[in-house]
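Per the numbering used here: the sequence shown = residues 188 to 462.
Even glycine gets a Cβ: it sits at the ideal position worked out from N, Cα and C.
Keep in mind the model is a prediction, meaning the values are calculated, not measured.
Structure, as structure tokens:
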Amino acid sequence: MKQNKQLIRCLKKKLYGGRGLFSRTVDYIALRVIVFMGCYMWFSAMVANGVAKAMLSLASTGFISVGLDLINSLRLDSLIRTERRRVSAAALNDRLLLMTDDERNRLIAKHISKEGKQADRLICSVHRSEGPTPDDMLKAARAARKRGLSKVSVYYGGPLQSNAKATASACPDITFTLTPLSSLLTKEQLKELSPSAQEADAAILAEFERERINKKAARTSVFAAGRLRGYIIAAACLTGLSFFVDNALYYRLMAAACLCFGATSWWLGKTSAEA
């Protein structure tokens with residue numbers, strides 16, 4: 188339950204463009220106030236009684252708010268399903284890439300025997316995390332021409348790159364059939380290899396945590412310990428330039444800011460070293 192609440196909180200932030208709870212609350216209140224004022228102006232043209240106008244405007248604002256909340260709830264549910272599908276597909280792909288050569292070959296051989304496509308085409312298998320590349324398509328096309336074949340079946344793991352698909356379509360005399368390994372799995376195999384809902388939620392939360400750490404590191408990089416020397420040099424240059432310009436105060440203020448940044452970098456570096 189706690190993980191679900193945390194997931195919803197993170198996805199809400201993503202849904203609303205990275206805005207936090209305070210910003211969303213302010214937007215929520217401001218939008219309702221604007222809607223109420225608009226409704227009040229609308230009813231002012233039709234109702235003379237001030238209390239009636241206020242009550243009608245309040246009721247209309249309530250109905251509109253319910254509709255907006257329903258739309259936002261549907262958007263959030265859609266985002267949750269999309270993120271879970273994305274993470275599940277990535278996890279399934281990673282697990283397929285961990286299959287041994289024998290397991291993968293048995294899977295492909297079973298599909299070939301079922302479809303009866305072995306005799307008239309070249310069979311290729313691309314088992315890499317980045318998926319098939321344009322070079323793989325060209326290599327398969329050359330091999331098919333050398334054998335006098337006009338069809339190529341490519342079984343691949345990893346994501347299919349758009350430029351690889353375009354390269355396959357650009358070969359005029361070769362017909363490519365691109366088949367992901369995940370489509371060869373039975374329902375039982377797919378269920379066994381796919382992550383559970385809890386695992387997918389944990390993976391989504393781990394992504395948000397990594398993103399939060401990266402943003403924090405980016406914000407604090409301006410005060411990295413190695414920047415002290417640069418700030419001192421910048422402050423010295425700005426101070427020297429202030430003697431040759433008319434607006435000396437601005438240069439000296441910027442030099443003071445550089446010294447403040449340098450002092451902060453030194454203090455944070457010292458604190459982290461002691462810790």
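- Message: Starting from Y342, trace the alpha helix (DSSP H) in both directions and tell me its first and last residue.
- Response: That residue, Y342, is in no alpha helix (DSSP H); its beta strand (DSSP E) goes 338-344.
- Item | Proximity winner among S210, L336, S429, relative to D307 (alpha-carbon distances) | L336
- Message: For R439 and V213, I'd like the C-alpha separation in whole angstroms.
- Response: 39 Å
- Item | Beta-carbon proximity check, G344 vs N280, cutoff 8 Å | yes
- Query: P367: buried (16+ other C-beta within 10 angstroms of its C-beta) or exposed?
  - Reply: buried
- For L284, which residues of its own chain have a beta-carbon under 8 Å away from its beta-carbon, when the five flanking residues on both sides are left out? H314, R315, S316, G344, G345
- Query: How about F230 and L243: do their beta carbons lie closer than 8 Å?
  - Reply: yes
- Message: Rounded to the nearest angstrom, what separates T287 and C311 at their Cα positions?
- Response: 16 Å
- Outcome for G449 when other beta-carbon atoms lying within 10 angstroms are tallied against a minimum of 16: buried
- Message: For chain D, check one thing: does any of its Cβ atoms lie closer than 8 Å to the Cβ of V220?
- Response: The question asks about chain D, but that chain is absent: this structure has only one protein chain.
- Applying the criterion that 16 or more other CB atoms from any shown protein chain within 10 Å of the CB defines a buried residue, is M188 buried or exposed? Because M188 sits at a pLDDT of 49, beneath the cut-off of 50, its placement in the model cannot be relied upon, and the following sentence gives the value as read from the coordinates. That one is exposed.
- Message: Quick check: what's the CA-CA separation for T373 versus E302?
- Response: 15 Å
- Beta carbon of D388 nearer than 8 Å to that of L194: yes
- Just to confirm, are A278 and P319 a CB contact at a threshold of 8 Å? no
- Own chain, CB closer than 8 Å to L347, minus 5 neighbours either side, in chain order: G318, P319, L365, P367
- Query: Of the choices K333, K200, H298, S381, whose alpha-carbon is the least far from that of Y342?
  - Reply: H298
- Spatial neighbours of C197 in its chain, beta-carbon cut-off 7 Å, leaving aside the 5 residues before and after: L392, F395
- Query: Where does F430 sit, in a helix, a strand or coil, going by DSSP?
  - Reply: coil
- Taking DSSP as the reference, what is the three-state secondary structure of S265? helix
- Within 10 angstroms of the Cβ of Y418, are there 16 or more other Cβ atoms? Answer buried if so, exposed if not. buried
- Message: Does the distance between the C-beta of A443 and the nearest non-hydrogen atom of the ligand GTP fall short of 7 Å?
- Response: Among the ligands in the structure shown, none appear at all, so the ligand GTP cannot be discussed.
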